[in-house]
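Going line by line, the protein sequences match chains W, G and P.
Per our numbering, the very first residue in the first sequence carries number 1; after that it's consecutive.
Per our numbering, the very first residue in the second sequence carries number 1001; after that it's consecutive.
Per our numbering, the very first residue in the third sequence carries number 2001; after that it's consecutive.
Worksheet: the structure to be examined is printed underneath.
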Amino acid sequence: MNRLVLNKIILILSTLSAVIGISFLFWILATLSYKGITSIQWSTFTNDLVNGGIRNLLVGQFTMAILASMVAVPIGMMAGIYLREYGHGSKLASVIRNLSDVMMSAPSIVIGVFVYAILVDPFGSYNGYAGIVALAIMMIPIIISTTDNMLALVPTELREAGMALGGSKHKIILQIVVKAAKVGILTGVLLSFARIIGETAPLLFTSANNQFFTMDLSGQFPSLTVSIYNLATYPDEASRELAWAAAFVLTMIVLCINLMGRFLIRNKK
Amino acid sequence: MTFKTLLTTAVLASASLTAIHADELKGRGASFPGPLYKAWTSEYYAATGKKINYTPTGSGDGVKSIKKRMVDFAGSDKPLKAKKLKKAKLYMFPSVVGSIVLSYNIDGVKDGELKLSRAAIDAIFSGKATHWDDAIITKENAGLNLPHEPITTCVRADKSGTTFNFTYFLNKINPDVKISKKPTWKAAKVVAGKSNSGVSANIQQIKNSIGYIEYSFKIKLGLPAAQIENKEGKFINPTVQSFQDGAKYATWTADNDFYAVIGDPEGATSYPIVAATFILLPTEKTEKNKEVTAFIEWAFTKGDKAASELGYVPLPTSTKDEIRKYWETKKIK
Amino acid sequence: MGGKLFRNFSFFSATLSFFLLVGIFAILFTYAQEALAEFGFDFLLSETWEADEDDEGGIFGGYIPIIGTLLSTLIAMTIAVPLAMGIAIFLTEVASENIAKPVSIAIELLAAIPSIIYGMWGLFYFAPIVQSTVGGNGVGLLTAGIVLAIMIIPFMAAITRDAMNTTPHVLKESAYAMGATKFEVIKDVIMPYSKGGIIGSIILALGRALGETMAVAFLIGSVMSTVKNVTDPTTSIPVLLANNFAEAQDLEMSSMYYLALILFVVSFAIISTAKFYFLGRKPK
Chain W
1 MNRLVLNKII LILSTLSAVI GISFLFWILA TLSYKGITSI QWSTFTNDLV NGGIRNLLVG
61 QFTMAILASM VAVPIGMMAG IYLREYGHGS KLASVIRNLS DVMMSAPSIV IGVFVYAILV
121 DPFGSYNGYA GIVALAIMMI PIIISTTDNM LALVPTELRE AGMALGGSKH KIILQIVVKA
181 AKVGILTGVL LSFARIIGET APLLFTSANN QFFTMDLSGQ FPSLTVSIYN LATYPDEASR
241 ELAWAAAFVL TMIVLCINLM GRFLIRNKK
Chain G
1001 MTFKTLLTTA VLASASLTAI HADELKGRGA SFPGPLYKAW TSEYYAATGK KINYTPTGSG
1061 DGVKSIKKRM VDFAGSDKPL KAKKLKKAKL YMFPSVVGSI VLSYNIDGVK DGELKLSRAA
1121 IDAIFSGKAT HWDDAIITKE NAGLNLPHEP ITTCVRADKS GTTFNFTYFL NKINPDVKIS
1181 KKPTWKAAKV VAGKSNSGVS ANIQQIKNSI GYIEYSFKIK LGLPAAQIEN KEGKFINPTV
1241 QSFQDGAKYA TWTADNDFYA VIGDPEGATS YPIVAATFIL LPTEKTEKNK EVTAFIEWAF
1301 TKGDKAASEL GYVPLPTSTK DEIRKYWETK KIK
Chain P
2001 MGGKLFRNFS FFSATLSFFL LVGIFAILFT YAQEALAEFG FDFLLSETWE ADEDDEGGIF
2061 GGYIPIIGTL LSTLIAMTIA VPLAMGIAIF LTEVASENIA KPVSIAIELL AAIPSIIYGM
2121 WGLFYFAPIV QSTVGGNGVG LLTAGIVLAI MIIPFMAAIT RDAMNTTPHV LKESAYAMGA
2181 TKFEVIKDVI MPYSKGGIIG SIILALGRAL GETMAVAFLI GSVMSTVKNV TDPTTSIPVL
2241 LANNFAEAQD LEMSSMYYLA LILFVVSFAI ISTAKFYFLG RKPK
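Right under this line is the structure:
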């Protein structure tokens, strides 16, 4: 009797935990959507921050995220390829693999402070390049991890078939293995992109923010996340509304990219 | 395949990026004149097409940024002494005068109803008074129903010229108070906010709180503010007239780069916590400095209206002329 | 020839993480020198943080932000661990496939929401609730701890779920066959088997929570003062950096690097422990 009661209690508690978790998700999304949608106007997307809109912020945030990806994806993929294809089984690869995972969870503000020291302080101005580097540093470990994992899923038979056909190792990797893991790797890229586009701390003292529309990476660069951080604490209605609008748009973008990634993986399986 | 097109687009985009250069003046610093600078830069942009990007991050950040030449000009409500200016190679001149009000959030107490004596203000911010119904506060407020609730003081989390000017005033009441951009507050319950906006937001949201903010923030947000006892024992409501009365005692001279802390002036009608805010320029950047002075010149001739509307006090014409002469001697006009 | 270049480039990319780690440590350590020399280990116990008026010197001590970081994380873990375990149990053993799948996705979406959103939502919707139920000002250690918990729960739940799923079916089946209840299977079969992964997920989440900035920055109060009451405002290392790094000069900035160094080393140690001892991925 006791055992069954205990069992029931645990089952109820665990269900309750899940309910609590889900409720928070809905609570956050509901309030965000309500505040966000009511704050969005046409001008939110056509104006820059200086005129009460988020146009330059969206462009700025995407620009930095895309450029960061262009740095992080090749490096991350190559590293993942090394770990799985060349260094397979070696102690070194194992250490690097775990080290990279550690970097994945490193505090983002420390990364921001680090990039400030190497790319802002010596040059005497906040700049977009520093922001891009900070984002790339955060993105690389994630790409390494997903590439590594996705390549591991490719059956050895494919590699053996390539070798049997007389292909050189790097050709086999590129044209057979990576191709086979293409979808998984792309998903990894998408998910890490979604992660870094929502980051604030690495940008605070690297690219800072800019209220005007600009594509000049050598100066302060517009950022959606840093703007939300500033606007949210302003006491006037207009700024608060803009902050909610920006927060809503950011969350929708992040969730959409996330769902897109999952959809890709689902189709593959 | 889509990856390839993505890559090519990105490469083309980044190539075009490097070609575009934004020519804008960058400024950082005091949030005290923040709303005014926002109005001025906006109107200046509309009138001349020239972009000025001023980020109100606090006087401390402004001074640091200009010392490191990370910006073209800085705003600071705390003026720098001649020795410091020389060491950091900076020019300095005031742009406008503003005032600091004590805003509060107490149920049932409306704007201008709370009367705070000098002793009460000191007591609140040094922790001697802990509840709204403490004797030292109720003494001047017999007609009000002040609650038996703990006082929350809203202060700045960053290095603030506003704080500097406020502690200057506190120091005049109680010499033990350290004049500082970021003192260690001894009040019982302290909540900090970033820049004037953050403090204003805290006052808005936290019941039974009181904080020091620039007047334009009080007006914009409709926050109530207290009458404050001035040097001559009179209780003054924060109005533009009372600021003007207080500001007229300020003396400016180009000899010390206009160094002046104008708080706690004489005058029966003077509002006690008035303060000037300053612009700092690097001495070696002559061409950029000319652009900044061109902006300030525009503000001096065309910006008085915006200043008055927001509750700031424009500098007297004589001072503006002195500043113009200063620019000429420094060759940055 | 292309093959050799390819291989070398891939090797170099792989070692980048290592060099980055070393580089970050080196830079932090170098910039912290001034503060290290000036304060030494007393920095860890000193509660004063005051810059001189000329901003060149001052007395700085890291006790308050260090304690704030530890306490907010402790509160977060106390709340998050049971809830995350509960969710993991729900997903692996309680829910049917049809329910587990969407709930799993929902939990992962919760993890994807940017931390600044948690901060903003927490400030306007959660802080007032804490204020009306427990008192205080809404912003303070407790609110920051609770929202931090909400942030790390999905992460911990996902890793725990994965760890629990590695339990071989045959072990579970045998236990059920002997008449064990679900709870007993969880307690006596799954938990012991996935103990390593579960502990690892907890430690990993701890490491993450230590470095969390944006959510905590909105909610902890940002005041350099000690905590007497759990609802009191205070500060943490990431929050102090976020708020005051930009305006710091000379010795104060060096002190900030000192704090960043402490945070980095401690998080690294904790996360490494999780990774290398509990969650290390063995090459297949």
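The beta carbon of each residue, even a glycine, is placed where N, CA and C say it ideally should be.
This structure is a prediction, so every number in the text was calculated from the model and none was measured.
Just confirm the distance between the C-beta atoms of residue i and residue j, as a whole number of angstroms; I'd bet it's less than 8 angstroms.
i: M2214/P; j: Y229/W; result: 7 angstroms
i: M138/W; j: E199/W; result: 7 angstroms
i: G60/W; j: F205/W; result: That belief does not hold up - the Cβ atoms of G60/W and F205/W are roughly 16 angstroms apart, past 8 angstroms.
i: S1270/G; j: Y1249/G; result: 7 angstroms
i: I2262/P; j: S105/W; result: I2262/P to S105/W, Cβ: 17 angstroms. No contact.
i: I75/W; j: S2013/P; result: 5 angstroms
i: T1130/G; j: P1147/G; result: Contact flag wrong, Cβ pair sits at about 13 angstroms.
Do residue i and residue j have their CB atoms nearer than 7 angstroms?
i: D1072/G; j: K1026/G; result: yes
i: I2000/P; j: S2201/P; result: No answer is possible for residue 2000/P: the residues shown for chain P start at 2001 and end at 2284.
i: G2122/P; j: V2147/P; result: yes
i: A194/W; j: M150/W; result: no
i: F2278/P; j: I2199/P; result: yes
i: A2088/P; j: M2191/P; result: no
i: S2267/P; j: G2207/P; result: yes
i: A117/W; j: I2027/P; result: yes
i: F1295/G; j: P1079/G; result: no
i: G1161/G; j: A1030/G; result: yes
i: I1213/G; j: S1126/G; result: no
i: S2222/P; j: A1157/G; result: yes
i: T251/W; j: I2150/P; result: no
i: G124/W; j: M64/W; result: no
i: T2231/P; j: V2134/P; result: yes
i: N1208/G; j: T1152/G; result: yes
Around the C-beta of residue i, are 16 or more other C-beta atoms found within 10 angstroms, so that it is buried, or is it exposed?
i: V5/W; result: exposed
i: N98/W; result: buried
i: Y1168/G; result: buried
i: N2098/P; result: exposed
i: F114/W; result: buried
i: K35/W; result: buried
i: C256/W; result: exposed
i: R1118/G; result: buried
i: Q1241/G; result: exposed
i: S43/W; result: exposed
i: E1287/G; result: exposed
i: P2128/P; result: exposed
i: S1195/G; result: buried
i: R3/W; result: exposed
i: E2212/P; result: buried
For residue i, which of helix, strand or coil comes out of DSSP?
i: M215/W; result: coil
i: E2034/P; result: helix
i: P1282/G; result: strand
i: G2068/P; result: helix
i: N1230/G; result: coil
i: D1185/G; result: Before going further, note that residue 1185/G is Trp rather than Asp in the sequence given. Note: W1185/G maps to coil in three-state DSSP.
i: T1041/G; result: helix
i: A2180/P; result: coil
i: K1026/G; result: strand
Identify, in the order they occur along the chain, each residue of the same chain with its Cβ nearer than 6 angstroms to the Cβ of residue i, setting aside the five sequence neighbours on each side.
i: A208/W; result: Y126 and Q220
i: T1018/G; result: Residue placement at T1018/G cannot be trusted, given a pLDDT of 46 that sits under 50; the coordinates are not used to answer.
i: G261/W; result: T187, L190 and L191
i: N1141/G; result: K1115
i: L231/W; result: S239, L242 and A243
In chain order, what residues of the same chain have a beta carbon less than 7 angstroms from the beta carbon of residue i, not counting five sequence neighbours either side?
i: A1268/G; result: E1232 and K1234
i: E1113/G; result: L1144
i: L264/W; result: V183, L186 and T187
Ordered along the chain, which non-local residues of its own chain (more than five positions away) have a Cβ less than 8 angstroms from that of residue i?
i: L2074/P; result: G2145
i: N1171/G; result: V1177, K1178 and I1179
Taking only heavy atoms of the ligand ADP into account, decide whether any of them is closer than 6 angstroms to the Cβ of residue i.
i: L2036/P; result: What this structure holds is no ligand at all, so the ligand ADP is not there to describe.
Residues from the stretch 1157-1179 of chain G in contact with chain B, defined by Cβ distance under 8 angstroms:
Annotation note: the requested chain B is absent from the structure, which comprises protein chains W, G and P.
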